[in-house]
Amino acid sequence: MTENQKIQASNIPTIGNRQIKLLEKLCNASAVSGDEQEVRNIVLEEIKPVADEIKVDALGNVLATKFGHGENRVRVMLAAHMDEIGFMIVKKHDDNLFQFERIGGIDERQLPGKAVLVGRDHLPGVIGAKPIHMTTADERKNKIPVDALRIDLGPEIGEKVKPGDRATFATRFKRFGPSIQAKALDDRFGVAILIELLKHAPENIDLLAAFTVQEEVGLRGARVAAYRFDPDMAIAVDSTPAYDLPHWDDEDQNVQYNTRLDAGPAIYVMDRATIADRRLVTLLSDAAQEEEIPYQFRQPGGGGTDAGVIHKTRAGIPSISVSVPSRYAHSAIGLARVDDWANTLRLLYAALVRVTPDLLAGERRG
Amino acid sequence: MIDLSELLNKMLTAPGLSGYESPIREILQEVWAPLTDELSVSKIGSLHGLKRGQGDAPRRKVMISAHMDAIGMMVTHIQDSFIRITEIGGIDHRILPGQPVIVHGREELPGVVVQPPGHLLPESVGDGPVEMKYLLVDVGLGPDELVKKVRVGDIVSYAQEPLELTGEALAGHTLDNRVSVAATTLCLEALQNRFHDWDVWAVASAQEEETLGGAFTSPFDIQPDIAIVIDVCFAKGPGASDWSSLPFGEGVGLGYGPNIHPALYDAFEKKAKELEIPYHRDLMPKMSGTDAMAVQIVAEGIPCAVIGIPLRYMHTPVETVSLKDIRRAGRLMAEFIADLKPDALAHINWEE
Amino acid sequence: MKSLIKQLVETPGPSGFEYEIRDVIREAIGDAADEVRVDALGSLIAKKGVKTEQGQRVMISAHIDEIGLMVTHVDDSGFLRFTNIGGVNPMTCYGGRVLFMDGTRGVIGMDSIERGKTPKLTDLFIDVGATSKEDCPVKVGDVCGFERPFIDLGKRMVAKSMDDRVAAAVAIEVLRRLESTPHEVHFVFSTQEEVGLRGATTAAYGVDPDLGFAIDVTRSGDTPRFSPKMATALGDGPAIKVRDSSFIADPRLVDWMIKAAEEAGLPYQLEVLEAGGTDGRAIQLTRGGVPAGCVSIACRYIHSPSEMVDSDDVENAVQLLVKLLSEPIVLK
């Protein structure tokens, strides 16, 4: 990369008050897998003025295209999922309490004693627990099964809630110091980043932005989105856990942290669903080094992102994932750093402006 | 008029395990021929019946997907006079001991699933349930005869004859999912004398119980604009009483969850109310466990509805269903299809 | 063929990192194919023959990836923690030797664990002889395969990654021996099978075959106390797959293969595999569906560093495949 190819500082999308406000709105919206309407509406409102083409497809994905200029533009798909983990009300019991099922991977130990919001009207409810006075020591050795928990919306809820309604944790977005506390940072971070990139789309590529549905129940939206876009390459933009906590026994080092806060965007080499194309690993890590953006490699191993289905679409699509690290994903309150988010946005922009047809001209080598 | 009991009896006595659907497919080709304009078979064995709409071309396409394959067993090994088996689809090994079966070898051989006595099994089994790998099938042949007639990979099907119970209830094996194929047939029959704009593609899909193979592939070729997936769902009964089971014989299930397009759910609900067809919202918080899991994500994605016929004792040889619910499902689908206007797709959207 | 098999099994190529083994295979194919290309996931696709009137477009898939390890953490003393690529059995890891893609070698050690307990992957580490993090040549994300030389036991052969390099050898040999075919045959040397049939999925979409099958290894039920019972055995001939846990082979293909084997007087056995899947599934579910099956080579100790196959099975598989591809295909 020569000096004159370096990015002009004025073009780089940044995180300011407006972006933080938008993230707040996105996180506070409810969009449990299969019912992404609230987030979809926010996304559509934001991107309508900037995208060249917008389609909402059969599954509810928002597919937005921003065309670049010039010859031989690479078609780059970016995917961020709109859906979040949550609950579905499955039964109203005679005592006016509601039985529910989890949607997406939620540890049942995260449930008792939490506040929730039910349905499109965000009706407040609580998941209670038996008073400690009435439990035995033996009982407290076991997890409280989900079947035994109920959502309580008060005695006069009437017909305002019915089986099939979705619910989320009631957590409201908070910004404090370097950090953010919110629910659904997985993957509203990605959604917010895609919106900014559409607004600051590099001109050397065609940007194909997929705001996907049903990621948490099996990467379902991304599959059909990739089929429609049929891109030359793809990047899934997600949020991944930071388990950068101490080991219980301080003799022992934590060697399974996945990612760490403050270490910058997490570039994927391999998860259970994708082995990243090394050409794209290099693209991202080189861009980070050249632009002096901190980055980390996510520890190879478990988990999966939309890239897992995108790269297997049609005759194959070179793919990778980049995530904003965040702690306590899939629980009521996630915690992340504004800087990691901003650096992920910067890194993606820096990488996209470096995409040329030469990048994918040769054979995949790892 | 199609006699439903007669149709079911014909379909239930035919085998047609996943991957080996030709016996049931051949019966269906005969039944569907007079009801459709064109019949074809997909490259992996699903049956496609096209009944053209009367609207102006190009016409929209609605696909009905009902899987025709059955669960069963397969020969893994032959040991002396006995056959060892594995499952095709999901079978609870606890229902197998003493079960009459047919081994489809070089000829059809009636047999029985044998639970060997405890002293011939690992000590850990004790008097507990016996896993499938320890069960045997005896077809009454000696070792020399047996290897001539049976080989590894032969299929084994349930042999239980269908039984008519009181109150228009029917019991038997493979009601999952032949009852939905029957409902699809009733729907095609009902459409014979009705005007419908859209082309109707009736699909008896293959391999649902194993790979959803038919459901992944047929829509790729047909490219329907919307799909109705019909399958059995859980009816309340012993051990099945929670929210995921519907009352027996009291109406069809309308699937609700991520596999189902909410606008199609609403449209079916409206239609059921209008026709006074009893129905229940069948909650599918995550996946539906039906062909819709695949159909929905084929190519660019296909909006799906899921219709359920409540069934007791699923995947046993005595699955039980109410004929009333089969008729209701057939009628509901036919009325829905007849009511599809040329521009109906504009209403299958994500605007609320 | 033994020298080809030896060369193939001794070349590293964990899933996703098949570039070296791909080059070796490209070299081995030479001009035996009419056309060779590489797809987006790295599968090598060698085309041979022109589709005639009685011909079909046939895809044959042999995967060239193998199980391996990827580094997740380098500690201050230079020890490496790792995760698995594909189905790695921790029981066969301890004391094993590994070879990184850049040529670095290492051995696998283990934390002290309770006696009699089976180790988990997280109890194991790789030691490349580094004295600290600073002089460790390996980084997070680097990849290694197991290292074990090929041994020739006469009738039987042993090596790591017989799964599925023995099938790659069979495919190459078929490609060389196939003199004339009415079909357009695409020999796919597929990638990323061990992590979920990924290479065959995209290759099958690209090839768009009329019919296809995999060549892979299958478990051999002829070792002591094998459970659940399985009818396959080394030396009983190539195994014609009826089903495995990933798909049900098209019965028309099964019958076609049986008939061909019987006509040619070749030994064969029938295979029902209860744990394991193959590229056949990926082919079957492509586009509007494809009749698909699999020819297997019985193999003992799969996914250990010492996988054993029978050389007669290998030769007979080649002969069976050459026969299958030399004649028009009639499925009934």
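Protein chains in written order, with the working numbering: chain A, 1 to 366; chain B, 367 to 718; chain C, 719 to 1050. Note that beta-carbon positions come from the ideal geometry of N, C-alpha and C, so glycine has one too.
Alpha-carbon to alpha-carbon, residue j and residue i
i       : j       : result
C/S850  : C/L722  : 40 Å
B/T551  : B/W398  : 7 Å
A/S285  : A/A273  : 21 Å
A/A209  : A/R188  : 14 Å
B/A549  : B/I521  : 27 Å
B/L486  : C/T836  : 29 Å
A/E216  : C/L759  : 25 Å
A/L44   : A/L59   : 15 Å
A/V309  : B/F614  : 39 Å
C/F924  : C/R999  : Looking at the sequence itself, residue 924 of chain C is Gly, so the reference to Phe does not match. So the two alpha carbons sit approximately 16 Å from each other.
C/I844  : C/L915  : 28 Å
A/D52   : A/E203  : 13 Å
C/Q1037 : C/V892  : 8 Å
A/G221  : C/G953  : 47 Å
C/D794  : A/D306  : 34 Å
B/E405  : B/M699  : The residue you asked about is not Glu; residue 405 of chain B is Leu in the sequence shown. When rounded, the distance between both Cα atoms is 20 Å.
A/P241  : A/Y328  : 7 Å
A/A350  : A/A201  : 11 Å
C/L787  : A/T259  : 19 Å
C/C862  : C/M1026 : 22 Å
B/N715  : B/G623  : 16 Å
B/A704  : B/A638  : 14 Å
C/D752  : C/D1030 : 29 Å
A/V224  : A/I333  : 31 Å
A/A167  : C/S733  : 40 Å
B/V516  : B/Q465  : 19 Å
A/V32   : A/D165  : 10 Å
A/K91   : A/G302  : 34 Å
Minimum C-alpha distance to residue i - residue among the options
i      : options                           : result
A/L63  : A/V74, A/G70 and A/M82            : A/M82
B/R647 : B/A570, B/L502, B/T442 and B/F634 : B/F634
A/T14  : A/N343, A/P202, A/P294 and A/A361 : A/N343
B/P604 : B/Y679, B/N559 and B/P585         : B/Y679
B/Q589 : B/S431, B/G421 and B/P400         : B/S431
A/D238 : A/Y227, A/S323 and A/K48          : A/S323
C/V727 : C/N807, C/E784, C/H791 and C/E911 : C/E784
C/V806 : C/R775, C/F864, C/G767 and C/D829 : C/F864
C/V792 : C/C1017, C/I803 and C/G859        : C/G859
B/L536 : B/G655, B/L378, B/L706 and B/E701 : B/L378
B/A360 : B/Q662, B/G667 and B/D435         : Residue 360 of chain B falls outside the range modelled here, since chain B spans only 367 to 718, and no answer is possible.
Same chain, Cβ closer than 8 Å to residue i, neighbours up to 5 away in sequence not counted
i      : result
A/G318 : The displayed chain sequence assigns Pro, not Gly, to residue 318 of chain A. D232, M233, A234, D277, R279, L280, H311, L360 and R364, listed in sequence order.
A/V338 : I15, I20, R175, P178, S179 and I180
B/R697 : L552, C553, A556, L641 and I643
A/I205 : G68, R73, V74, R75, V76, L352 and V355
B/W425 : Contrary to the premise, residue 425 of chain B reads as Arg rather than Trp in this sequence. These residues qualify, in order along the chain: R418, G419, D563, W564, D565 and P708.
Those residues which DSSP pairs with residue i across a bridge
i      : result
B/D648 : B/G621
C/R702 : No answer is possible for residue 702 of chain C: it lies beyond the span of chain C, which begins at 719 and ends at 1050.
C/R799 : C/H791
A/T135 : According to DSSP, which records beta bridges pairwise, A/T135 is partnered with nothing at all.
Other residues of its chain near residue i: CB distance less than 6 Å, five sequence neighbours each side excluded
i      : result
A/N254 : H247
A/A115 : V126 and A170
A/N4   : Low confidence applies here, because A/N4 scores a pLDDT of 45, under 50, leaving its location unreliable and the question unanswered by this model.
Within-9 Å CB hit, residue i to chain F
i      : result
C/A751 : Protein chains in the displayed structure are A, B and C, and chain F is not among them.
Cut-off 7 Å between Cβ atoms - residues of its own chain near residue i, not counting five sequence neighbours on either side
i       : result
A/E196  : P13, Q19 and L345
A/R172  : N28
C/V972  : I958, V960 and G1011
A/H122  : S30
C/K1041 : A978 and A982
Can you list, in chain order, the stretches of the beta strand (DSSP E) that have 3 or more residues and sit fully within the stretch 268 to 293 of chain A? For the stretch 268 to 293 of chain A, not one full-length beta strand (DSSP E) segment reaches 3 residues or more.
Start-end ranges of the alpha helix (DSSP H) lying completely within the stretch 530 to 560 of chain B, minimum 4 residues: Fully enclosed alpha helix (DSSP H) runs of 4 or longer: 541 to 557.
Unbroken alpha helix (DSSP H) runs of length 4 or more, entirely within the stretch 375 to 449 of chain B: which are they? List check, alpha helix (DSSP H) in window: 388 to 398.
What are the uninterrupted segments assigned as beta strand (DSSP E) that are 3 or more residues long and contained completely in the stretch 901 to 952 of chain C, given in chain order? Complete beta strand (DSSP E) runs here, min 3: 902 to 908 and 929 to 937.
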